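Novice: According to our numbering, the sequence shown holds residues 2 to 165 in order. We treat Cβ as the ideally placed atom computed from N, Cα and C, and that holds for glycine. This structure is a prediction, so every number in the text was calculated from the model and none was measured.
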Amino acid sequence: MASSFRVRPAVPADGAFLGDMVVEAANWRQGGARPRHEVMGGADHRRYVSGWMRPGDAGFVAEDLNGEPVGAAWYRMLPRSDPGFGYVGTGVPELIIGVRPIWRAHGVGRALLQRLCEHAGAQGFARISLSVERGNFASTLYRSEGFAVTQSGSGRDTMVKRLR
């Protein structure tokens, strides 16, 4: 199925879709779907897309062959005063990734993750971080791509990948 999608750089007009992917990421559990307004209503999740695409933001969108977006991975530089779930420090971008359920386990997440990490390294970042809830099968993907748990919090882990 890898040939049935393509990856392109994210653009400012992708902001609404990135919001959809935040909702997908937050609703990774079967049967536990929270509506978009509930997920995006709080600052905890809204910070990942508010004002997209501001300086320092970068990302990629996966599209099916009809040009419909099916997943996205992006990073933001969040300040110490407004950290995200996976914040580890100034100068370390925090990665966010979401894939529509029907496209999961088809290589979309891995392709997005690899492309984003390559881009972050090319931009001069030494590390990139993310947060994953315990029990989320995506943690297996993250580990296989070189991420390691650096902090364990209440029900979630912060993972970091060294890029150079």
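1) Taking the Cβ atom as the reference point for each residue, do glycine 60 and alanine 11 lie within a distance shorter than 8 Å?
2) Considering only residues of the same chain and omitting the five flanking positions on each side of glycine 147, which have a CB-CB separation below 6 Å?
3) Please name the residue, chosen from Arg144, Leu114 and Arg101, that lies closest to phenylalanine 18 on a Cα-to-Cα basis.
4) Would you decide whether aspartate 83 is buried or exposed? Buried here means 16 or more other CB atoms lie within 10 Å of its CB.
5) Going straight from the alpha carbon of aspartate 21 to that of valine 150, what length do you get?
6) Just reading off the beta strand (DSSP E) that valine 161 is part of, what are its end residues?
Specialist: With the given structure in hand:
1) Yes, Cβ-Cβ distance for glycine 60 and alanine 11 is below 8 Å.
2) Counting only Cβ-Cβ distances below 6 Å, and skipping sequence neighbours, we find Lys162.
3) Of Arg144, Leu114 and Arg101, the residue nearest in Cα terms is Arg101.
4) Label assigned to aspartate 83: exposed.
5) Their Cα atoms are separated by approximately 26 Å.
6) Its beta strand (DSSP E) spans residues 157-163.
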